[in-house]
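Participant: Going by the working numbering, the sequence shown opens with residue 468, and the numbers climb by one from there.
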Amino acid sequence: MDSNKDEAERCMELAERYLREKKYEDAEKFMRKAYKLYPTKKAEDVLAKVVMFSKQNQKSESEPTVRKRQTAPKEASQPQVSTEYTKEQLEYVKRIKKCKDYYEILGVSTDATDSDIKKAYKKLALQLHPDKNKAPGAAEAFKAIGNAVAILTDVEKRKQYDMYGPEEDRMQNSQSRQNHAHFNYTRGFETDITAEELFNMFFGGGLQQQDFYMRRVDRRWMRQQDVQSQHPRTQQANGYTTFLQMLPVLLLILLTMMSSLFISDPVYSLHSNAKYSVLRTTQGLKVPYYVKENFHTEYQGSLRRLEISVEEEYLNNLRHACYREKSYRETMLWKARNFGDQDLFVKAKNIEMPSCKKVQGMQGA
468 MDSNKDEAER
478 CMELAERYLR
488 EKKYEDAEKF
498 MRKAYKLYPT
508 KKAEDVLAKV
518 VMFSKQNQKS
528 ESEPTVRKRQ
538 TAPKEASQPQ
548 VSTEYTKEQL
558 EYVKRIKKCK
568 DYYEILGVST
578 DATDSDIKKA
588 YKKLALQLHP
598 DKNKAPGAAE
608 AFKAIGNAVA
618 ILTDVEKRKQ
628 YDMYGPEEDR
638 MQNSQSRQNH
648 AHFNYTRGFE
658 TDITAEELFN
668 MFFGGGLQQQ
678 DFYMRRVDRR
688 WMRQQDVQSQ
698 HPRTQQANGY
708 TTFLQMLPVL
718 LLILLTMMSS
728 LFISDPVYSL
738 HSNAKYSVLR
748 TTQGLKVPYY
758 VKENFHTEYQ
768 GSLRRLEISV
778 EEEYLNNLRH
788 ACYREKSYRE
798 TMLWKARNFG
808 DQDLFVKAKN
818 IEMPSCKKVQ
828 GMQGA
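Here it is in structure tokens:
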């Protein structure tokens with residue numbers, strides 16, 4: 468019953484959004500679904516309101532029918548505006564829509580390496596980025612491949628995701644019984660990192676910046692080829708000039724390697740090992756950490772600053788773990804909703820997120 472209530476609230480939110488956008492038919496459809504899943508007085512009142520607006524809208528649309536018929540010949544003579552997307556771009560979106568799991572979305576095998584997964588993501592991201600692909604559903608498909616690469620390149624998350632493989636057949640059977648099921652790309656993708664941020668992590672900037680960079684490199688390469696073809700005898704001199712230009716870089720690398728030999732070990736570690744075996748606890752958040760046996764004699768810095776650094780690193784690790792837990796839970800909820808699997812939905816709702824609980828507890832302390 469709780470799952471029906473959650474789904475009804477989600478449908479009611481969508482209905483209210485469509486009502487604000489004056490999409491009365493969509494609003495009525497989702498409102499009726501919400502009332503059917505979990506009938507309440509509020510749902511009944513909102514449904515009545517939506518039905519009233521829908522009838523008024525139908526009445527207002529029927530009035531200018533005669534005028535539209537009279538002006539139809541002129542409108543028909545005007546040239547139609549061409550679409551802003553190609554057939555190939557639309558096919559990319561349709562293919563993503565038909566996919567049933569993350570491996571199929573990226574077009575890789577279940578034993579694909581991180582390199583294969585990232586390579587597949589880059590290829591699809593360039594085709595589905597909203598700045599380039601204006602086909603209907605491209606934005607949602609772009610989010611879908613972003614979530615796929617985020618899950619499959621995380622070792623723990625991918626292991627947990629693969630564990631639900633045996634349940635795939637059961638979910639497919641459930642979907643086959645629902646011929647009118649609607650695929651929603653965005654369910655389960657509201658995470659801490661957006662698809663656009665993930666894209667920038669892979670490409671180091673927006674799509675337009677990358678295109679500009681590639682064109683710039685191509686023009687520079689063509690100029691170099693032209694110069695070399697006209698002056699073949701200057702290649703040896705150019706090689707010597709290149710060596711002189713690279714000499715400062717080589718010296719910098721050499722100095723960096725030499726300085727690394729004199730870098731001391733970290734003062735602490737969050738995990739116990741043979742080198743860091745003495746357990747300590749911070750005064751503020753009571754975070755455990757480990758130091759060397761000679762810590763009291765060797766360390767001359769501020770203990771308060773050290774413990775602040777320990778707590779910040781510990782909290783950052785917890786936040787990353789919490790993000791992975793949330794992403795996994797949202798993914799399973801998305802799968803359950805998409806395939807209409809009530810058992811999986813309940814199971815996903817009950818997934819524990821221990822790292823998130825720790826973060827909340829420490830932030831409230």
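Backbone N, C-alpha and C define an ideal beta-carbon position, used for all residues, glycine too.
Are the beta-carbon atoms belonging to residue 800 and residue 825 less than 8 Å from one another?
Facilitator: Going by C-beta atoms, residue 800 is not nearer than 8 Å to residue 825.
Participant: Helix, strand or coil: which one does DSSP assign to residue 506?
Facilitator: coil
Participant: So, under 8 Å CB-CB, residue 505 and residue 497 are touching, yes? Tell me the CB distance rounded to an integer number of Å.
Facilitator: Rounded, the Cβ-Cβ distance is 13 Å, inconsistent with contact.
Participant: Could you name the residues of the same chain whose beta carbon sits closer than 7 Å to that of residue 766, not counting the 5 residues immediately before and after it, in chain order?
Facilitator: 734
Participant: Is the Cβ-Cβ distance between residue 482 and residue 494 less than 8 Å?
Facilitator: yes
Participant: Going by beta-carbon coordinates alone, are residue 776 and residue 757 separated by less than 8 Å?
Facilitator: no
Participant: Using the three-state DSSP reduction, which class does residue 790 fall into: helix, strand or coil?
Facilitator: helix
Participant: From the DSSP output, read off the bridge partner residues of residue 746.
Facilitator: Residue pairing for residue 746: DSSP places it in a beta bridge opposite 757.
Participant: Name the DSSP beta bridge partners of residue 735, please?
Facilitator: 758
Participant: Can you tell me where the alpha helix (DSSP H) with residue 622 in it begins and where it stops?
Facilitator: 622-630
Participant: Does the separation of the CB atoms of residue 591 and residue 612 fall below 8 Å?
Facilitator: yes
Participant: Give every residue of the same chain whose Cβ lies closer than 6 Å to the Cβ of residue 507, excluding the five residues on either side of it in the sequence, and list them in chain order.
Facilitator: none
Participant: Which whole-angstrom value is the C-beta distance of residue 615 and residue 573, which I expect to be below 8 Å?
Facilitator: Cβ-Cβ separation between residue 615 and residue 573: approximately 5 Å, consistent with a contact (criterion under 8 Å).
Participant: For the alpha helix (DSSP H) containing residue 488, name the first residue and the last one.
Facilitator: Careful: residue 488 lies outside any alpha helix (DSSP H) and carries neither H nor E.
Participant: Do residue 796 and residue 818 have their CB atoms nearer than 8 Å?
Facilitator: yes
Participant: In this structure, does DSSP put residue 596 in helix, strand or coil?
Facilitator: Taken through DSSP and simplified to helix, strand or coil, residue 596 comes out as coil.
Participant: From the DSSP output, in three-state form, read off residue 603 for me.
Facilitator: Here DSSP, grouped into helix, strand and coil, assigns residue 603 to coil.
Participant: Taking all protein chains shown into account, do 16 or more other C-beta atoms lie within 10 angstroms of the C-beta of residue 771, making it buried, or fewer, making it exposed?
Facilitator: exposed
Participant: Indicate the three-state DSSP secondary structure (helix, strand or coil) for residue 580 in the structure shown.
Facilitator: coil
Participant: Please determine, among 487, 490, 499, 488, the residue with the shortest C-alpha to C-alpha distance to residue 475.
Facilitator: 499
Participant: Answer with buried or exposed for residue 805, where buried requires no fewer than 16 other C-beta atoms within 10 angstroms of its C-beta.
Facilitator: When all chains shown are included, residue 805 counts as buried.
Participant: In terms of alpha-carbon separation, which member of 820, 711, 629, 725 lies closest to residue 568?
Facilitator: 629
Participant: If I'm right that residue 558 touches residue 521 with Cβ under 8 Å, what's the distance once you round it to whole angstroms?
Facilitator: About 35 Å separates the two Cβ atoms, so there is no contact after all.
Participant: With respect to the alpha helix (DSSP H) encompassing residue 573, which residues constitute its N-terminal and C-terminal limits?
Facilitator: Secondary structure note for residue 573: its alpha helix (DSSP H) is the uninterrupted segment 569-573.
Participant: How long is the line joining the alpha carbons of residue 712 and residue 816, rounded to whole angstroms?
Facilitator: 60 Å
Participant: Roughly how far, in whole angstroms, is the beta-carbon of residue 551 from the beta-carbon of residue 601, given that I think they are within contact range, below 8 Å?
Facilitator: 4 Å
Participant: Can you grab the Cα-Cα spacing for the pair residue 604 / residue 725, in whole Å?
Facilitator: 54 Å
Participant: Which same chain residues end up closer than 6 Å to residue 581 when comparing Cβ atoms and leaving out the 5 residues on each side of it in sequence?
Facilitator: The residues 620, in chain order, have a CB closer than 6 Å to that of residue 581 in the same chain once the five nearest residues on each side in sequence are set aside.
Participant: Nearest-angstrom Cα distance between residue 542 and residue 596?
Facilitator: Note that residue 542 has pLDDT 44, beneath the 50 cutoff, so the model's placement of it is unreliable and no number is given.
Participant: Note down the Cα distance separating residue 717 from residue 732, rounded to an integer number of angstroms.
Facilitator: 26 Å
Participant: Put residue 751 into one of helix, strand or coil per three-state DSSP.
Facilitator: coil
Participant: When the Cα atoms are used, what is the spatial distance from residue 749 to residue 723?
Facilitator: 34 Å
Participant: Would you call the CB atoms of residue 501 and residue 519 closer than 8 Å?
Facilitator: no
Participant: Measuring alpha carbon to alpha carbon, tell me which residue in 473, 472, 516 is nearest residue 487.
Facilitator: 516
Participant: Under the assumption that residue 774 contacts residue 751 (Cβ atoms under 8 Å), give the Cβ distance between them as a whole number of angstroms.
Facilitator: Residue 774 to residue 751, Cβ: 7 Å. Contact.
Participant: Evaluate residue 710 with the Cβ neighbour count: other Cβ atoms within 10 Å of its Cβ, from every protein chain shown; 16 or more gives buried, anything less gives exposed.
Facilitator: exposed
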